[in-house]
Amino acid sequence: MAKILAIAEHRNGKLTDATLELCKAAKALASALGAEPAAAIMAKDDALAKEVAKYIPTVFCVADGALEGYTADGYTQAIKAVVESQDVKGVLIPHSYDGVDYAAKVAMAIGAGIVSNCNKARVDGGKVIFTRNTYNGKIQEEKSVNTDKFVATFEKGAYDMEAAGGAGAVTAVSASIANVRTKSKGIIETMAGAVDISQAKVIVSGGRGCKDADKYKEFIVSLAQKLGGEYAASRPVVDSGWTDAARQVGQSGKTVAPDLYLACGISGAIQHVAGMKGSKCIVAINKDPEAPIFNIAMYGIVGDLFEVIPQIKEKL
Amino acid sequence: MKIAVCLKQVPDMESKFKIVEDKKIDESQIAFKINDFDNYAVEAALQLKEKFGGEVVIVTCGPERAAKDIRQAFAMGADWGIHVMDPAVEAGDNFVVASTLQKAIESIGGVELVLTGVQAEDDQAAVTGVMLADLMGWPHCTNVKKLEVNGTALTVNRELEGGLNEVLEMSAPAVLTVQSGINEPRYPTLPGIMKAKKKRLDVKKAADIGASAASKTDFIKMFFPVSDHKAEILQGDAATVAAKLVEKLKNEAKVI
């Protein structure tokens, strides 16, 4: 039977949450397509394959010393070996940093169309229709592939995590991993800083709308101090050097869940939301009434943060 | 070092978007600009040129309006460019664009490094650069946050989740897709803008460079996201909304 294959990702000997989400996605899509859900894991040995098998009935394991760490060349060759030996119809990959690095290469290697950064998938007349975010989350689009096989990457949270419970079968697949052209020299921490914003009860966070370093300090930092909380930032603020990287909230920075998260001049791109959506109360101040941040905020103010923040400080 | 930078022109994401017939955005009220991530790629290329010499060639697929932003990259310091202006490419998917960029880059000859943004702000796909590398037969690295070049040896930092970077070694020729924050893109100077007007920009059809790939994906429709949650929008002038907010945070949400 044709298979829908979820790619299991792992770091430090542990499966990522996205892997469990893709197990759920593979089951849902396989069921709608009359196919069989399966997963593939690439690692130096088969130690984690049994862990994956708790979530999905069939697991293919490519174990090779060359797969000890992630490389695009290694992963692509291993996934291609599984796809070619196992009647795979679709490959589901997390839209993670690693996933972005190898997914399109896998699509090229197996001659499939790729739809990336999806948040939903449905089956209509035997065809998978993918929904994905575009235009910074302001517009969604539907796409499908016109190739026999498909590759799709899913953003984090697109599916719930599958619960453990099964005891699936692990099948070894051999692949000859050769000519790996990138060499990892290790993983480094880039946000080491004295401040740990993840413990704060109140966070005032500024985005691109803060305009410059002085205004960021004048409005965001001072409001945070008045509230007895921490100040934080979305990616553009850190990229521009208005504050240090240890205060960046989002996929590439810190994950926070304070009682109050005040997002000022932040549009609410999915990468930022991933780092703060667990906050108890989110307040958004933004000039753009269509900013996606208003879709997750409890309270919204459509207005100029430079006018509103001084007023908030006065009322506190 | 001869460096090609793949640059896309995209709408300003703060625009008020209107969708026409579920298929495309109404461009009449939209301002266009260089894709932010590509702007960092242009800067990274210019810094390498300043260090090692060589040239920076801009390669763009897009309609006529894209020429404005190719010239913007010229004004920053890029030397010349290829503008593939072809409705068939514009209607194509990321694979068509990657295939067209490949042919354009091969037509330049002697390119040792390709830099581009990790993704376009409009389609948010993050696949074109990787496809291009595969078509060129070159290694790649995505989400590049740091780049050091020593002859053909490249040392790059690849951004990972949660503030981590992986340090990688690889050899040119290669395709690197650049993440924002890798540098501080320069603004064009007035003399730069004057010079940009005279720089060489080759306008090509796909057929001129031997590009003829077909899409592997089909676009179905676009729509505004329907959220099952909307914030309670506080109404009034700045003083009024501030008072309402403080009251709600104290007495309703009880978070301050």
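Protein chains in written order, with our numbering: chain A, 571 to 886; chain B, 158 to 413.
Cβ atoms here follow ideal geometry from the backbone N, Cα and C, with glycine treated the same way.
Next item on the list: State yes or no: is the beta carbon of glycine 823/A nearer than 8 Å to at least one beta carbon in chain B?
Entry: One-based indexing of the first sequence puts residue 823/A at position 253. It does: the Cβ of glycine 823/A has a partner Cβ on chain B nearer than 8 Å.
Next item on the list: Helix, strand or coil for leucine 397/B, going by three-state DSSP, please let me know.
Entry: Taking the second sequence and counting its residues from 1, the one referred to as residue 397/B is at position 240. It is threonine, not leucine, that sits at residue 397/B in the sequence shown. Helix, per DSSP.
Next item on the list: Can you tell me the Cβ-Cβ gap for valine 213/B and isoleucine 160/B, rounded? I've got them flagged as a contact below 8 Å.
Entry: One-based indexing of the second sequence puts residue 213/B at position 56. One-based indexing of the second sequence puts residue 160/B at position 3. 5 Å between Cβ atoms; contact.
Item checked: chain A contact for alanine 368/B (CB, 8 Å cutoff) -> The residue given as residue 368/B occupies position 211 in the second sequence. No, alanine 368/B lies away from the interface with chain A (no Cβ there is under 8 Å from its Cβ).
Check: Going by other Cβ atoms of all chains shown within 10 Å of its Cβ, with 16 needed for buried, is isoleucine 747/A buried or exposed?
Finding: As a first step, residue 747/A must be located in the first sequence, where it is residue number 177. Isoleucine 747/A comes out buried.
Note to self: With H, G and I counted as helix, E and B as strand and the rest as coil, what does DSSP make of histidine 842/A?
What the structure shows: For the purposes of this step, residue 842/A is taken as the residue at position 272 of the first sequence. In the structure shown, histidine 842/A sits in a helix (DSSP, three-state: H, G or I).
Check: Is alanine 762/A closer than 8 Å to valine 721/A when the C-beta atoms are compared?
Finding: Locating residue 721/A in the first sequence gives position 151, counting from the first residue. Locating residue 762/A in the first sequence gives position 192, counting from the first residue. Cβ atoms of valine 721/A and alanine 762/A: not closer than 8 Å.
Item checked: Own chain, CB closer than 6 Å to valine 791/A, minus 5 neighbours either side, in chain order -> To locate residue 791/A, count along the first sequence from 1; it is residue 221. The answer, listed in chain order, is Tyr801.
Notebook entry, point to check: Who are the Cβ neighbours of alanine 742/A in its own chain at under 6 Å, not counting the five residues just before and after it?
Noted result: As a first step, residue 742/A is located in the first sequence; it is residue number 172 there, counting from the start. Excluding sequence positions up to five before and after alanine 742/A, its CB lies within less than 6 Å of the CB of Cys631, all in the same chain and listed in chain order.
Margin query: I'd like to know if methionine 678/A contacts chain B, where contact means its C-beta is closer than 8 Å to some C-beta of that chain.
Written below: Here residue 678/A is taken as the residue at index 108 of the first sequence, counted from 1. Yes, its Cβ sits closer than 8 Å to a Cβ of chain B.
Item checked: Counterpart residues of threonine 628/A in DSSP-defined beta bridges -> Taking the first sequence and counting its residues from 1, one reaches residue 628/A at position 58. DSSP output for threonine 628/A lists Ala739/A as bridge partner(s).
Notebook entry, point to check: Going by beta carbon distance, what residues of the same chain come within less than 7 Å of glycine 798/A, once the five residues before and after it are set aside?
Noted result: For the purposes of this step, residue 798/A is identified with residue 228 of the first sequence, where counting begins at 1. Taken in chain order, the residues that qualify are Val772.
Note to self: Please state the DSSP three-state secondary structure of leucine 830/A.
What the structure shows: Position 260 of the first sequence, counting from 1, holds the residue named residue 830/A. In the structure shown, leucine 830/A sits in a strand (DSSP, three-state: E or B).
Margin query: Please report the straight-line C-alpha distance between tyrosine 672/A and valine 622/A, rounded to a whole angstrom.
Written below: Position 102 of the first sequence, counting from 1, holds the residue named residue 672/A. Position 52 of the first sequence, counting from 1, holds the residue named residue 622/A. Distance between the alpha carbons of tyrosine 672/A and valine 622/A: 20 Å.
Next item on the list: Indicate the three-state DSSP secondary structure (helix, strand or coil) for glutamine 229/B in the structure shown.
Entry: Here the question's residue 229/B lines up with position 72 in the second sequence. Correct three-state label for glutamine 229/B: helix.
Item checked: Alpha carbon of leucine 886/A to alpha carbon of isoleucine 767/A, nearest angstrom -> Along the first sequence, read from residue 1 onward, the residue named residue 886/A stands at position 316. Along the first sequence, read from residue 1 onward, the residue named residue 767/A stands at position 197. A straight-line Cα-Cα distance of about 22 Å links leucine 886/A and isoleucine 767/A.
Check: Looking at the structure shown, is glycine 776/A part of a helix, part of a strand, or coil, going by DSSP?
Finding: On the first sequence, residue 776/A is found 206 positions in, with the first residue counted as 1. Residue state, collapsed to three classes: strand.
Next item on the list: Determine which residues of the segment 389-410 of chain B have a Cβ less than 7 Å from any Cβ of chain E, and write them out in chain order.
Entry: The structure shown contains no chain E; its protein chains are A and B.
Notebook entry, point to check: Is any beta-carbon of chain A found at less than 8 Å from that of leucine 333/B?
Noted result: Translated into the one-based positions of the second sequence, residue 333/B becomes position 176. Not an interface residue.
Checklist line | Delimiting residues of the beta strand (DSSP E) encompassing asparagine 716/A | finding: Walking along the first sequence from the start, residue 716/A turns up at place 146. From DSSP, asparagine 716/A is part of no beta strand (DSSP E); its letter is neither H nor E.
Check: So what does DSSP say about arginine 817/A, is it helix, strand or coil?
Finding: To locate residue 817/A, count along the first sequence from 1; it is residue 247. Three-state DSSP puts arginine 817/A in a helix.
Item checked: Inter-residue Cα distance where the pair is serine 185/B and glutamate 171/B -> As a position in the second sequence, residue 185/B is number 28, starting the count at 1. As a position in the second sequence, residue 171/B is number 14, starting the count at 1. Spanning the two alpha carbons is a distance of roughly 15 Å.
Notebook entry, point to check: In chain order, what residues of the same chain lie with their CB nearer than 8 Å to the CB of lysine 225/B, ignoring the 5 residues before and after it?
Noted result: Here residue 225/B corresponds to residue number 68 of the second sequence, with the count starting at 1. Only Gln166 and Phe189 meet the Cβ criterion.
Item checked: DSSP beta-bridge partners of isoleucine 747/A -> The residue given as residue 747/A occupies position 177 in the first sequence. Answer is none; isoleucine 747/A lacks a bridge partner.
Margin query: For the segment 736-762 of chain A, list every residue whose C-beta sits within 7 Å of some C-beta in chain B, in sequence order.
Written below: Answer in chain order: Arg751, Thr752, Lys753, Ser754, Lys755, Gly756, Ile757, Ile758, Glu759, Thr760 and Met761.
Note to self: Taking 7 Å as the limit between beta carbons, can you name the residues of its chain near isoleucine 866/A, skipping five residues before and five after?
What the structure shows: Taking the first sequence and counting its residues from 1, the one referred to as residue 866/A is at position 296. Only Gly838, Val843, Lys847 and Ile852 meet the Cβ criterion.
Check: For the candidate residues Lys594/A, Ile680/A, Val750/A and Trp812/A, whose alpha-carbon lies nearest to that of glycine 635/A?
Finding: Within the first sequence, the letter at position 65 stands for residue 635/A. Glycine 635/A has its Cα closest to that of Val750/A, out of Lys594/A, Ile680/A, Val750/A and Trp812/A.
Next item on the list: Let me know the secondary structure DSSP gives threonine 646/A once reduced to three states.
Entry: As a working note, residue 646/A is residue 76 in the first sequence. DSSP places threonine 646/A in helix when its eight states are reduced to three.
Next item on the list: Counting only runs of 3+ residues fully inside the segment 314-388 of chain B, write out the beta strand (DSSP E) ranges in chain order.
Entry: 321-328, 331-335, 358-361 and 374-380
Check: Where aspartate 291/B and glutamate 178/B are concerned, what is the direct C-alpha to C-alpha distance, given to the nearest angstrom?
Finding: Position 134 of the second sequence, counted from the first residue, corresponds to residue 291/B. Position 21 of the second sequence, counted from the first residue, corresponds to residue 178/B. Aspartate 291/B and glutamate 178/B have their alpha carbons spaced roughly 35 Å apart.
Note to self: Below 8 Å on C-beta distance, what does methionine 379/B contact in chain A?
What the structure shows: Counting from 1 along the second sequence, the entry for residue 379/B is found at position 222. Going along chain A in sequence order, the residues near methionine 379/B (Cβ under 8 Å) are Thr704, Ile709, Gln710, Glu711 and Glu712.
Next item on the list: Kindly list the residues whose CB is nearer than 7 Å to the CB of alanine 201/B, restricted to its own chain and excluding five residues on each side of it in sequence; keep chain order.
Entry: The sequence position of residue 201/B within the second sequence is 44, counting from 1. If we look at alanine 201/B and ignore the five residues flanking it on each side, its Cβ neighbours are Leu272, Leu304, Val335, Ile339 and Asn340.
Next item on the list: Put isoleucine 709/A into one of helix, strand or coil per three-state DSSP.
Entry: As a position in the first sequence, residue 709/A is number 139, starting the count at 1. Assigned with DSSP and collapsed to three states, isoleucine 709/A falls in strand.
Notebook entry, point to check: From the beta carbon of valine 214/B, is the nearest beta carbon of chain A less than 8 Å away?
Noted result: Sequence index remark: in the second sequence, residue 214/B carries index 57 (1-based). No - not a single Cβ of chain A is within 8 Å of the one on valine 214/B.
Note to self: I need the DSSP call for isoleucine 680/A, collapsed to helix, strand or coil.
What the structure shows: Locating residue 680/A in the first sequence gives position 110, counting from the first residue. Looking at isoleucine 680/A - three-state DSSP - the assignment turns out to be coil, as it is neither helix nor strand.
Next item on the list: Have a look at Ile187/B, Ala363/B, Asn322/B and Thr217/B and flag the residue whose alpha-carbon is nearest the alpha-carbon of serine 822/A.
Entry: Position 252 of the first sequence holds residue 822/A. Of Ile187/B, Ala363/B, Asn322/B and Thr217/B, the residue nearest in Cα terms is Asn322/B.
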